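Chemist:
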Amino acid sequence: MKTIYFDCAMGAAGDMLTAALLELHPDPEGVLRRLNGLGLPGVEVSAVPSVKCGITGTHVSVKVHGEEEESMDVSHDHDHGHDHGHDHDHDHGHDHDHDHGHGHGHEHDHDHDHGHDHDHDHDHDHGHDHDHGHEHDHDHDHAHEHSHSHGHHHAGMHEVEHIISHLPVSEKVRGDALGVYRLIAEAESHAHGRPVEEIHFHEVGTLDAVADVAAVCLLLEELAPEQVVCSPIHVGSGQVRCAHGILPVPAPATAHILREVPTYGGSVRGELCTPTGAALLKYFVNSFGPSPVMRVEKIGYGMGSKEFEAMNGVRALLGETEEAGDSVLELRCNLDDMTPEAVGFAQEQLLKAGVLEVYTTPVGMKKNRPGILLTCLCRPEDKEKALSTLFAHTSTLGVRESLCSRYTLRRSQYTVETELGPVRVKESSGWGVSRCKPEYDDLARLAEQHGLSLQEVLRRVEESRSK
929 MKTIYFDCAM GAAGDMLTAA LLELHPDPEG VLRRLNGLGL PGVEVSAVPS
979 VKCGITGTHV SVKVHGEEEE SMDVSHDHDH GHDHGHDHDH DHGHDHDHDH
1029 GHGHGHEHDH DHDHGHDHDH DHDHDHGHDH DHGHEHDHDH DHAHEHSHSH
1079 GHHHAGMHEV EHIISHLPVS EKVRGDALGV YRLIAEAESH AHGRPVEEIH
1129 FHEVGTLDAV ADVAAVCLLL EELAPEQVVC SPIHVGSGQV RCAHGILPVP
1179 APATAHILRE VPTYGGSVRG ELCTPTGAAL LKYFVNSFGP SPVMRVEKIG
1229 YGMGSKEFEA MNGVRALLGE TEEAGDSVLE LRCNLDDMTP EAVGFAQEQL
1279 LKAGVLEVYT TPVGMKKNRP GILLTCLCRP EDKEKALSTL FAHTSTLGVR
1329 ESLCSRYTLR RSQYTVETEL GPVRVKESSG WGVSRCKPEY DDLARLAEQH
1379 GLSLQEVLRR VEESRSK
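Taking my numbering, the leading residue of the sequence shown gets 929, the next gets one more, and so forth.
1) Within 10 angstroms of its Cβ, does Gln1167 collect 16 or more other Cβ (buried), or is it exposed?
2) Just mark Tyr1192 as buried or exposed, buried being the case when its beta carbon has 16 or more other beta carbons within 10 Å.
3) For Gln1383, decide whether its Cβ has a neighbour in chain B, counting only Cβ atoms nearer than 7 Å.
4) Do Ile1127 and Pro1203 count as a contact pair if the criterion is CB distance below 7 Å?
5) Return the chain-ordered list of same chain residues with a C-beta closer than 6 Å to the C-beta of Ala1181, the five sequence neighbours on each side being excluded.
6) Within its chain, find whatever has a CB closer than 6 Å to the CB of Met1231; leave out the 5 residues flanking it on each side and keep chain order.
7) Find the nearest neighbour of Lys1226 within the set Tyr933, Leu1245 and Ala1238, judged by alpha-carbon distance.
8) Give me the residue from Lys1210, Glu1188, Glu1125 and Leu1186 with the minimum Cα distance to Asp1104.
9) Taking the C-alpha atoms as reference points, what is the distance between Tyr933 and Leu949?
10) Does the beta-carbon of His1026 have 16 or more other beta-carbons within 10 angstroms, so that it is buried, or is it exposed?
11) Evaluate contact between the region 1262 to 1270 and the region 1232 to 1239, counting only Cβ atoms and requiring at least three cross-stretch pairs below 8 Å.
12) Identify every run of the alpha helix (DSSP H) within the region 1077 to 1115, keeping only runs that are complete inside it and at least 4 residues long; order them along the chain.
13) From Glu1355 to Lys930, what does the alpha carbon distance come to, in whole angstroms?
14) Looking only at its chain, what residues have a beta carbon closer than 6 Å to the beta carbon of His1078, apart from the 5 residues adjacent to it on each side?
15) Would you call the CB atoms of Val1353 and Val1361 closer than 7 Å?
16) Using the three-state DSSP reduction, which class does Tyr1368 fall into: helix, strand or coil?
17) How would you call Glu1199, buried or exposed, if buried means at least 16 neighbouring beta carbons within 10 angstroms?
18) Please classify Gln944: does DSSP put it in a helix, a strand, or coil?
19) Which stretch, first to last residue, makes up the beta strand (DSSP E) that contains Ser974?
20) Beta-carbon separation of Ile1174 and Val1138 under 7 Å?
21) Looking only at its own chain, which residues have a Cβ that is under 7 Å from the Cβ of Glu1089, when we skip the five neighbours before and after it?
22) Kindly indicate which residue of Trp1359, Val1189, Leu1146 and Leu1284 has the alpha-carbon position closest to the one of Cys936.
23) What separation, rounded to the nearest whole angstrom, lies between the Cα atoms of Lys1294 and Ala1206?
24) May I ask you to report which of helix, strand or coil DSSP gives Asp1136?
25) Quick check on the DSSP output: the alpha helix (DSSP H) that includes Arg1387 runs from which residue to which?
26) Is it right to say His1064 is buried, meaning 16 or more other beta carbons lie within 10 angstroms of its own, or is it exposed?
27) Name, in chain order, the residues that DSSP records as bridge partners for Leu1348.
28) Between Arg1377 and Thr1317, is the Cβ-Cβ spacing less than 7 Å?
29) Is the beta carbon of Val1425 less than 7 Å from the beta carbon of Ala1314?
30) Going by C-alpha to C-alpha distance, which of Lys1365, Arg962 and Cys1364 sits closest to Cys1145?
31) Given Glu1248, which residues of its chain have a CB within under 8 Å of its CB, disregarding the five upstream and five downstream residues?
32) Does DSSP put Phe934 in a helix, a strand or coil?
33) Classify Gly1379 as buried or exposed, calling it buried when 16 or more other Cβ atoms lie within 10 Å of its own Cβ.
34) With a Cβ-Cβ cutoff of 7 Å, do Val1327 and Val1389 count as a contact?
35) If you draw a straight line from the alpha carbon of Ser1394 to that of Ala1183, how long is it in whole angstroms?
36) Is Pro1220 closer than 7 Å to Val1177 when the C-beta atoms are compared?
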């Protein structure tokens, strides 16, 4: 099975993931040409060799009108003029408390000029001037404060969706990029306590993040791994300086995205994982854990720009792993004295309890009574909860257990943007097969909204996927 393994022992940012995958690609120069041809206004993507702790890798730089987004870690040992190094990969949103005087229900041009310039004076008195090269205070989850003489525009999620939907890439890459960016927007929304539509991204941070997200989505489409595995993610420690003050590491949006993902801190003081890096890993990684047994064919090193005592970079390994299965428990009981409604309720409670599958089979029982065999599959660690639910919601006096080996296809999901609206598409692959299927609920919703048949909606989805 073709596998990519990300070693994120020194965190993850969008530019680092891009650089690591670029080293795995057979035509990195061609990828850079395509990235620079995406039509993102003022965006320039470049890759240069970078050496960290004696290891040579690649550093990818994304500049917007000559600017590279930066982050500032807080040092408790030096003054703020100390050069902590930067990683540019930031896409942070912020809420606007003032009236913009416009709605978001319309489309905007790619230059993001959506009716307001933010020409406020960004030159704050921090005790240093802008000529020092990196003294940008910015809200790591929210707004970026730049002391430039020109004003910057801000883009909302609607504008970001408009940009991504018009990128000259495949429908799958567009759907993946939208899915990743929605994770970021939802995290920013949670951090601010504001609806997603009220979250705005700084122009520079938006465009460089879109470029990073599009790059990783494009590279993974072309490298076409059957599964993506990732180590636990080192998020760093300490604090980061932002427009609203000093925030802990990981920043609130990053922490929200990485819920249910194994992470750890450590002695390295600084932000090692950005919201973009977190969202890309959360979206694409099939499982987190140690490196699987694999025959490695290529290794890529994507370097950040910060300098630490440890190598600041992501390592990506491309190789072959064996198809594998897992074990599940099959729990069964016979029922002949429950109503169909009660059996249905019991099945609902079992699914809520976390069983993988539950179904019934008609059986003949003693005294020629018709009955049903209720069967559920669960993970071994969920056995006690499943048994408690079975006894609580059925009339059975006993449950039988069998340990089964299970072999499954890997499953993933992406979104297709159609003229009728978004439709989620489920993909499954492995064991030499690959298939996809649009989500029925989305098809049914669009069919009802537009007065069309399911077949007509499905046809239009297929047309959009083939573009």
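Using N, Cα and C, we set each Cβ at its ideal position, and we do this for glycine too.
On a predicted model such as this, the values are computed, not experimentally measured, just so you know.
Modeler: Checking against the coordinates, here is how it stands:
1) buried
2) exposed
3) This model lacks chain B altogether, as it is built from one protein chain only.
4) no
5) Asp1069, Ala1115, Glu1116, Ala1119 and Pro1203
6) Ser978, Lys980, Gly985, His987 and Gly1241
7) Leu1245
8) Lys1210
9) 11 Å
10) With a pLDDT of only 35 at His1026, under 50, the local geometry of the prediction cannot be trusted, and the value read off the model is given with reservation. With fewer than 16 Cβ atoms within 10 Å of its Cβ, His1026 is classed as exposed.
11) no
12) 1085 to 1093
13) 16 Å
14) Unreliable positioning characterises His1078 in this predicted model, as indicated by a pLDDT of 37, which lies under 50. The coordinate reading is nonetheless provided below. No residues qualify anywhere along the chain.
15) no
16) helix
17) buried
18) Note that residue 944 corresponds to Met in the displayed sequence, not to Gln. Helix at Met944.
19) Val971 to Lys980
20) no
21) Leu1106
22) Val1189
23) 57 Å
24) helix
25) Leu1382 to Ser1394
26) Note that His1064 scores a pLDDT of 34, beneath 50, so its modelled location is shaky; the value from the coordinates is reported in the next line. Flag for His1064 reads buried.
27) DSSP, once it has assigned bridges, lists no residue as partnering Leu1348.
28) For the sequence presented, residue 1377 should be read as Gln rather than Arg. Not a contact, by the Cβ cut-off of 7 Å.
29) With the chain covering only 929 through 1395, there is no way to say anything about residue 1425.
30) Arg962
31) Met929, Lys930, Thr931, Met1222, Arg1223 and Glu1225
32) strand
33) exposed
34) no
35) 36 Å
36) no
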